[in-house]
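Some notes on the structure that comes next.
There are 2 protein chains.
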Amino acid sequence: MARKKNSSADVTGPRIRAAALRLFARHGYAAVSMRQIATEVGVQAGTLYLYTPDKQSLLFDLMQQHMQDLLAELAILPPATTPLADLENFTRFHIRFHQARSDAVFISYMELRNLEPANFDRIEALRRDYEAHLVTILARGKAAHVFELPDTKLATFAVIAMLTGVNTWFREGGRLSLDAVEEIYWQMVRKAVGA
Amino acid sequence: MARKKNSSADVTGPRIRAAALRLFARHGYAAVSMRQIATEVGVQAGTLYLYTPDKQSLLFDLMQQHMQDLLAELAILPPATTPLADLENFTRFHIRFHQARSDAVFISYMELRNLEPANFDRIEALRRDYEAHLVTILARGKAAHVFELPDTKLATFAVIAMLTGVNTWFREGGRLSLDAVEEIYWQMVRKAVGA
DNA sequence: GTCTATATCAGGATAGAC
DNA sequence: GTCTATCCTGATATAGAC
Chain A
1 MARKKNSSAD VTGPRIRAAA LRLFARHGYA AVSMRQIATE VGVQAGTLYL YTPDKQSLLF
61 DLMQQHMQDL LAELAILPPA TTPLADLENF TRFHIRFHQA RSDAVFISYM ELRNLEPANF
121 DRIEALRRDY EAHLVTILAR GKAAHVFELP DTKLATFAVI AMLTGVNTWF REGGRLSLDA
181 VEEIYWQMVR KAVGA
Chain B
1 MARKKNSSAD VTGPRIRAAA LRLFARHGYA AVSMRQIATE VGVQAGTLYL YTPDKQSLLF
61 DLMQQHMQDL LAELAILPPA TTPLADLENF TRFHIRFHQA RSDAVFISYM ELRNLEPANF
121 DRIEALRRDY EAHLVTILAR GKAAHVFELP DTKLATFAVI AMLTGVNTWF REGGRLSLDA
181 VEEIYWQMVR KAVGA
């Protein structure tokens, strides 16, 4: 079926989401007005409502998309043959993926409290899926006696917190390349789990 | 000099700050109105302005107080005789202190972007003072060859992120006591720094 | 020291012209 | 598909009564 020639709907929608992502990350969901988002995109405030039913949906869609992307990318990671290699893959993947989408990461961790309960539950479920992946890796390594872990669940929390923390300070063009950071963190993770 | 008999100024001020702390932590600075704070305290909105010049000062004061408390408590930690003992003290202190003030911690990490630039700089300086303390411990241990660290600064970030992460999941009365959590995290920190 | 009342402004969202 | 205009609500902050 032919598309309308001058339709900009396909470009305006994504631009609205991109602007909202940027602004929510910089200033926080509650502090950003629909007018600001519209100005950033170069349309009037009313126009936004052609693309989203309301502000809350805009936030939820951004977070859901981020978590789904995260899980999708994780799912296509080449499988490793040992728990140690699995953990290394996960570590490097987590740092790289999160660094490439720092705005979305920021929002997904900071704006949970601005989600309506039903939306919150759905995002939390996705986050738990992601955690579960690391839990599995650590549990396998522990069972195989290659990891020494007092508590698998806490090790999962610790590793994820540690890796996500990279986003708070890493800046492209700084003292260390992302490759170097990956390597250093991997060494710390490896040691932390007793491998 | 005699105080006024029925003055409740000394109690209203702290109650306002306590309410603001709670509400900012739950819903975020931008999402909380002065009316909500006033309602929580049981006064009218206008009354708040007898105790704070504006909403921004209220946020800044809470964050500054938190950071100053943190540094003050850190300063009176009994000094240890080895870098390893120093690191253990720091680890346990960080977990305990942050757990006891989870609202203030939450705000101090999440609401930085809602500070006016001058206020932001002052809070950041305090945060760097705190980090510097851990940097020193790690650098000493590295110099004494009791820690094996590819990068002292990154290890500092990693340890603080890991420890602060406890606040995102720990709940009193859960599976593990705070003592147990402290112990498990200490083991992970110890290994991560190669000790 | 606190309240009531209000000035002033900006927010989310909608209706209808083009 | 976008804009203009607007409704309604609720925000911060202040003035002045009690």
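Residue numbers (full-length UniProt numbering), protein chains in the order written: chain A, 1 to 195; chain B, 1 to 195. Where a beta carbon is used, it is the ideal one built from N, C-alpha and C, also for glycine.
- Under the three-state reduction of DSSP, L112 (chain B) is assigned to helix.
- The Cβ of D151 (chain B) sits closer than 8 angstroms to at least one Cβ of chain A.
- Between the segment 25-41 of chain B and the segment 166-181 of chain A there are fewer than three inter-stretch CB-CB distances shorter than 8 angstroms, so the stretches are not counted as touching.
- Counting only runs of 4 or more residues that sit fully inside the segment 121-182 of chain B, the alpha helix (DSSP H) segments are 152-164, 166-169, in chain order.
- With contact defined as three or more Cβ pairs closer than 8 angstroms, the segment 99-108 of chain B and the segment 57-67 of chain B are in contact.
- With a threshold of 8 angstroms between beta carbons, I37 (chain B) makes no contact with chain A.
- Of all residues in the segment 51-75 of chain B, none comes within less than 8 angstroms of chain A when Cβ atoms are compared.
- With respect to the 8 angstroms criterion, A144 (chain B) and P83 (chain B) are classified as neighbours on the basis of their beta carbons.
- Residue-level contact check: L154 (chain B) touches chain A, since one or more beta carbons of chain A fall below 8 angstroms from its beta carbon.
- DSSP places T52 (chain A) outside both helix and strand once states are collapsed to three, so it counts as coil.
- Under the Cβ distance rule, Q187 (chain A) counts among the residues neighbouring chain B, one pair being separated by less than 8 angstroms.
- Taking a Cβ-Cβ threshold of 8 angstroms, the residues of chain B close to G194 (chain A) are K191, in chain order.
- Under the Cβ distance rule, F157 (chain A) counts among the residues neighbouring chain B, one pair being separated by less than 8 angstroms.
- Contact with chain A is found for A30 (chain B), since one of that chain's Cβ atoms lies less than 8 angstroms from the residue's Cβ.
- Counting the other CB atoms within 10 Å of its CB gives E182 (chain B) a total of 16 or more, which places it among the buried residues.
- Within the segment 98-116 of chain A, those residues whose Cβ lies closer than 9 angstroms to any Cβ of chain B are, in chain order, Y109, M110, E111, R113, N114.
- At least one CB atom of chain A sits nearer than 8 angstroms to the CB of A161 (chain B).
- The beta carbon of R128 (chain B) sits no closer than 8 angstroms to any beta carbon of chain A.
- Comparing C-alpha distances from F157 (chain B) to each of B:V189, B:L21, B:R171, B:I184 shows the shortest one belongs to B:V189.
- At least 8 angstroms separates the CB of I16 (chain A) from every CB of chain B.
- Distance from the CA of R92 (chain B) to the CA of I184 (chain B), rounded to the nearest whole angstrom, comes to 10 angstroms.
- Look at H94 (chain B): its C-beta is not under 8 angstroms from any C-beta on chain A.
- Exclusion of the five residues before and after E172 (chain A) leaves L178 as the residues of its chain whose Cβ lies within less than 8 angstroms of its Cβ.
- Scanning chain B for C-beta atoms nearer than 8 angstroms to the C-beta of R26 (chain A) yields R113, reported in chain order.
- R113 (chain B) and S57 (chain B) have their alpha carbons spaced roughly 14 angstroms apart.
- When only Cα atoms are considered, R128 (chain A) and K153 (chain B) end up about 30 angstroms apart.
- Apart from the 5 residues on each side of it in sequence, L126 (chain A) sits with its Cβ closer than 6 angstroms to the Cβ of M67 in its chain, given in chain order.
- Rounded to whole angstroms, the separation of the alpha carbons of Q187 (chain B) and Q99 (chain A) is 28 angstroms.
- Counted as a single uninterrupted DSSP element, the alpha helix (DSSP H) harbouring A38 (chain A) occupies residues 34-41.
- Excluding its 5 nearest sequence neighbours in each direction, E73 (chain A) has C-beta neighbours in its own chain below 8 angstroms: F93, F97, listed in chain order.
- Check the Cα spacing between L21 (chain B) and each of B:D10, B:V193, B:M110: the tightest is with B:M110.
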